[in-house]
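Down below is the structure, laid out as structure tokens.
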Amino acid sequence: MADVRFTPDQQRAIDTIDKSILVSAAAGSGKTAVLVERIINIIVQGKADVDRMLVVTFTNAAASEMRLKLTKAINKEIKAAKTSDPERSERLRQQLGKMYRSYISTVHSFCNRVIKEFFYLTDLEPNFKICDSLKAEIMKMEAIEEVFEQGFEEDNFIEGGSFREFLDRYSKERDDKGLMQELVKAYADLRSMPDYFEWSERMAEKLRIPESGDYRDSDLYRELWADARKVVDDALHEALGLQEYLIALNLPNTAAKLDSEIGAFQTLADAIKSICDRGELAKGAEEVVSKVFQNPIFGKFAGGKGETEVYKSVSADCKARRDTYKNNFQNFFKEYNFAELKTLFEEQAETYKYTMYYLALLKEFERIYSAKKRDQGVIDYGDMEHITAGILKNEEARKVLRERFEFIFVDEYQDVNTLQEFLIGSVAREDNVFKVGDVKQSIYKFRQAEPHIFEETSRAYKDELNEHAIQINLNKNFRSNGATIDYINYVFQDLMDGYDDDEKLYQGLTGHPEYNLKPEVHLLLTEMDDSSEGESSDTSYTPRGSQLVDIEGPVAGTLDESAEEIKALSKAEIEAIHVADIVSSIIGTEFYDGKSGKVRRATPRDIAILLRSTKNKSDMYYKSLMSKSISSHISDDGGYFDTVEVAVAMAILKIVDNMHQDIPLISVLRSEVFGFTPEQLAEIRAFARENQIAEAKEREGDVQYQRQSYCDALLLYSANGSDDSLKSRVNEALATIEKWRVHSKMMQLDDYIWYLLEDSNYYMYAGAMYGGRQRQANLRALVERAGAFRMSSIASLSSYISYLEVLRTKNVEMGQPSMVSEEDDVVRIMTIHKSKGLEFPFVIVAGMGNQLNYSSGIKGFQFDNELGIALAYVNPDEHYWRRTLMQKKITAKIREDEYQEQLRVLYVAMTRAREKLYLVGCEKTDEFVLDDIRSRTSYFKIMGKLCDSGQYNEYTSTDMHEVKMPSLPRGANNFLTTDKIPMDTELSEEYEEVKRRLDYEYAYKDDLNTKAKYSVSELNKEAKDRESYKGKIEDRNTRIERLASADAASIGTAYHRIMEFVDFKKAVNEAGECDKSYIAERAETLKGNGAISEPVFKALDLGKVYAFFETEIGTRACAAAREGLLSKEKPFTLRVERRGKSVLVQGIIDCYFSDGDGLVLVDYKSNRLSYKDREADIERIKEEYREQISLYKRALEEGTGLSVKEAYLYLLDKSITISML
């Protein structure tokens, strides 16, 4: 690379080949170029061939890219030396021939080659295969389930312990799945260590009280007091500093108020020093500490006598300083409760046997899991590393590899774990390793990355006595402009430990002075001042070439409503809208592109929006950008199962497999597949509840609602629903699902899923949604995975659903199919982790005000590779548990590690920007900036006053309601935050056309609410509502009371079914008496075949049915039946006029019979009468059903040609016959 000009430090890293080197390469410092040039340099000098080097990367893509770069560089060198140095050219050409067998690979690929070479040192067959992560997760789940099955079958299947006793302490009462998942995760975490079970058992010994029997002799005891010493010393130092500050301000009386707590700190410091030094005063020192804590240490702090007014000017700063050390002090001693150390150590010692039992469970899990892998001839990725570690313990194998690899290169060294460091160290010599990375960019702790390994190596390589290794810092940044670098340094010199002159960034590119764009911090305030409501900070803005037009009338009202709409939006939505405004303002602006050295205009592809997590948020940004006609792409390796289309498709699969799953069933019904509204779904559920209430009241028992599955509610409504239209839709949905279920038994899995997506029209609908191409690609991927699943196992719909659930719940990375290339002109929306290694001219880091999550104390297993392992202490007799001392120490370290990683994530995000950086987020107020009140709850609050440097960045804070709503042309983007619209002539014409269209009223809009077909019940209900409920609106409580007191439809339906099923010819015997045994037998038959459910049957009073056949109208009906003159359940369709329109009415007549030259109509009702005014109730019922009987009468007369001379309502509840004519 003769045409590349390396810095002195870069050149030193390239040329030094007689020592091991740790290259601390800051963001944008060209570490990859240095690594490639170093390899070329070694080859050219003849120090080693390419196949005698081990180059370790952390992704296959990085390995491929490294191999490609090397190949290109060698070809370039060959071309340059072809005439000037033929010998060199030939040597380089030979290297290309050896490239295919080079060790440029990931750690796992390296392990794979080692295992295959030395397989005779293992118990593996030479034809082993690598198990993909998906199958591995399924086998793990099966293995842990088998462990638990063993435990339930044989309580003492693990020697020395009781499985049930362990579950009683460490599993949830109702579900063991949580403990299962915890065990599997603990196993994965421990495997980041070599010899993990031996290490764990050694660490478990730290939980026991020393052999001396005195807990004070334990290492943990000394560690706790060492931690306490640091906390007390820090508090003393800070308190003395604050006191000196007050004295310097001439506030001696105020400073004197700190004397009491400073004295307490000093006493504690002396006593704790004695304990830590383990002198003769140690036991007495514990008593001194206990005595100090008997009295309050911190009192009320305010201005001293005569100094109140002066103190007010510095009170905020003083309070912040004091609160910091006060909170740290109080939190530490509250957490560890030193007054009960003896008890806490004894409790911790009791957890030793349960910790060992926990490890025994893990061993049993490993045994079963290993057997499953062995049966299938596979190993997983963890096995590869551990088997290789076992091979490298063999001196012969280790010697072969050490001699083979003359030079070793490790890229992204900050992300190695303990086991990987062991593997590298086993094949390396003390002077041939080149490690390159940046501990400030170590953001993969969740993958067991251990940044402390980099830090320890750094200390070792910096040691002047180390003759075999050196550290070289590359801190010139060849990515970002000067302003961005200055602000990054300003922030992290304050936040990050060790961010000194050796670690900070220096500008490597020559920028353009006119385009040295400063970073911007945009703070959106969510606590709004009502007095400013409706005002805008942007009312003075007018787009060029526009005029201001006053808004009056309905449009002005719309603008007022928009302010309320903005208030209703979530913080994330407001933030997304604001970010879209920023993106819109960037596009088309000129900037200096440092990479090309030219001034050009920004396009969407120059912009990236970075989020801590895209889950539940990325769509908001996508929609906000789309509202401004800006194309964007969500780049996410995860989130496949979080997409709407995949969730709905999976819900369809689940209900076909088992419809008794409420969430999937409701999801599909609510989705575009069936399109039920929330109100309709609620009505179906309410109907089922009303049915249960009515049944309970019929039994005169307590009204206790037992929740049914939604499937049961749906089936109930399909048979007895009160709304015929909704009932019809329910039946159509059930018929469709049944059709799908039938097809599932006739087709191959992947063909069947494709059939479902097409038959439901959901694939077409997904294509019509925003981002339709991506959504359809996600659905196709679901089908393709089904095909792959079918090829690899015995595939059924149930097994495929289980397979997908494992992938989803285990967070197995399932990236959405990419539909864009690097060249596509779209804004990228991605996670910060995804952006690592990338760079963009404009970077917007959003979500800066979002809550950051940290680990909390848990009951289960905790692990740290420096401190050890621990479980909580559980006292089942007294029904409580609490974290042990070791657990608390591990939790504290984990939380601190998590905070440090949060800082590193922020550093990665900010260093992605080349020309302009934006930090955007929502907070309640800006007090944390003004008063520099720091906390670890969000990135903004971590930064405090750093948000507004005054020199290195531009800072704005805006009330949330001032953010402009989207969906208007860019030229009018302040339309919704002012009472004037900026318009030019062309826009004015467009506005008038839009207004004309929006104000248009359809001439026949009344017909929109008129259906072509009605049920009799609908028309009767409408007539009843017009009379009985005219002008009334029920509140929720009134409706509940009314529904609770009404007869349940299911009981009424059951009576109707009995009346339909009973043969009237047999209901009355030859003596003219009701045949009760026959009617009871008919009712039992209906119950037996499921037409009447057991609960409903118990609520029935068959005496009400018997009574009908003992009435005059019942006797006449039976006589007509014997003559063949009676008809039951007669359906009809009738054309009637409604609101001036001809519509069809459908209904079913319960019973009618011929009597002489006319017809007698009978309709059964299950309405209940009150005891107070029966006559008034009867009149009410007559009016309620008059419209229905009139329609029945007309239908019979038009259908038979006979007149209806009698019509009756028969009230089953009180055996009353009501004449309706």
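Every letter in the sequence shown is one number past the one before it in this note's numbering, and letter 1043, counting from 1, is 1674.
Glycine is no exception: its CB is placed at the ideal position from the N, C-alpha and C atoms.
This one's a predicted model, so the numbers in the text were calculated from it and none came from an experiment.
Query raised in the report: Going straight from the alpha carbon of P1600 to that of D1250, what length do you get?
Result: Here the model assigns P1600 a pLDDT of 40, short of 50, so the residue's position is not dependable, and the following value carries that caveat. P1600 and D1250: Cα-Cα distance of roughly 21 Å.
Query raised in the report: Taking only runs of the alpha helix (DSSP H) that begin and end inside the segment 1499-1576, which ones reach a length of at least 4 residues, in chain order?
Result: 1516-1541, 1558-1561 and 1570-1574
Requested in this report: Go through its chain and collect everything with a Cβ distance to Y1570's Cβ below 6 Å, but skip five positions before and after it.
Outcome: M1479 and L1537
Query - Cβ neighbours of A947 in the same chain (closer than 6 Å, five flanking residues each side left out) - result: D1562
Report task. For my contact list, L1792 and Y1823 are in at a C-beta cut-off of 8 Å; report their separation, rounded to the angstrom. Result -> 6 Å
**Report entry** I1084 versus Q1051, N1112 and N1106, residue with shortest Cα-Cα distance
**Finding:** Q1051
Query raised in the report: In whole angstroms, what separates the C-alpha of F896 from that of Y956?
Result: 11 Å
Query raised in the report: What residue does the beta strand (DSSP E) around P1472 start on, and which one ends it?
Result: F1471 to V1476
Query - For S1201 and Y1012, the rounded distance between their alpha carbons - result: 42 Å
Query raised in the report: Helix or strand or just coil, what does DSSP make of L889?
Result: coil
Query raised in the report: How many whole angstroms separate the CB atoms of L1483 and Q1533, which I take to be in contact at a CB cut-off of 8 Å?
Result: 6 Å
Query raised in the report: Using 8 Å as the Cβ pair cut-off and three pairs as the minimum, do the segment 640-659 and the segment 1099-1115 touch?
Result: yes
Report task. Taking only runs that begin and end inside the segment 685-733, name each unbroken alpha helix (DSSP H) of 4 or more residues, in chain order. Result -> 691-712 and 717-729
**Report entry** Nearest-angstrom Cα separation, counted from N1481 out to I1238
**Finding:** 22 Å
Query raised in the report: If we ignore side chains and look at the alpha-carbon of each, how far apart do Y1839 and Y1783 end up?
Result: 10 Å
Report task. Find out if the Cβ-Cβ distance for the pair I1213, Y1549 is shorter than 8 Å. Result -> yes
Report task. Compare the Cα-Cα distances from A1211 to each of S831, R1416, A1477 and R1035 and report the closest residue. Result -> A1477
Report task. Tell me, please, whether the CB atom of M1517 is closer than 8 Å to any CB atom in chain D? Result -> Chain labels in this structure do not include chain D; a single protein chain is all it has.
Requested in this report: Tell me whether F1728 sits in a helix, a strand or coil according to DSSP, three-state version.
Outcome: helix
Query raised in the report: Under the three-state reduction of DSSP, which class applies to H1374: helix, strand or coil?
Result: helix
Query raised in the report: On the three-state DSSP scale, how would you describe A1211?
Result: helix
Report task. Output the boundary residues of the alpha helix (DSSP H) element that contains L992. Result -> L972 to Q1007
Report task. Please determine, among F1272, S823 and R1035, the residue with the shortest C-alpha to C-alpha distance to G1079. Result -> In the sequence as presented, Gly is not what sits at residue 1079; that position holds Gln. Ranking F1272, S823 and R1035 by Cα distance to Q1079 puts S823 first.
Requested in this report: Run the CB neighbour count on R1035, radius 10 Å, all protein chains shown included, and call it buried at 16 or more, exposed below.
Outcome: exposed
Query raised in the report: Does the beta-carbon distance from T1522 to Y1504 come in below 8 Å?
Result: no
Query - CA-to-CA distance, S921 to R998, given in whole angstroms - result: 49 Å
Query - Reference S1260; option with closest CA among S1227, S1216 and G1468 - result: S1216
Query raised in the report: Hey, would you say L666 sits closer than 8 Å to V1067, going by beta carbons?
Result: yes
Query - Secondary structure, beta strand (DSSP E): runs of 3+ residues fully inside the segment 1768-1845 - result: 1772-1786, 1789-1796 and 1834-1842
Query - Cα-Cα separation, I1460 to H1209 - result: 15 Å
Requested in this report: Sort Q725, V1230 and R1372 by Cα distance to E1145 and report the nearest one.
Outcome: V1230
Query - Residue(s) in a DSSP beta bridge with C1705 - result: V1699
Query raised in the report: Over what stretch of residues does the beta strand (DSSP E) that includes Y1586 continue unbroken?
Result: E1585 to D1590
Query raised in the report: What residues match up with Q1138 in a beta bridge as DSSP calls it?
Result: N1108
Query raised in the report: Hey, out of V1152, V1287 and L1469, whose CA is closest to L1380's CA?
Result: V1287
Query raised in the report: CB-CB under 8 Å to I645, same chain, minus the five flanking residues each way: which ones, in chain order?
Result: F637, V665, E668, R669 and N672
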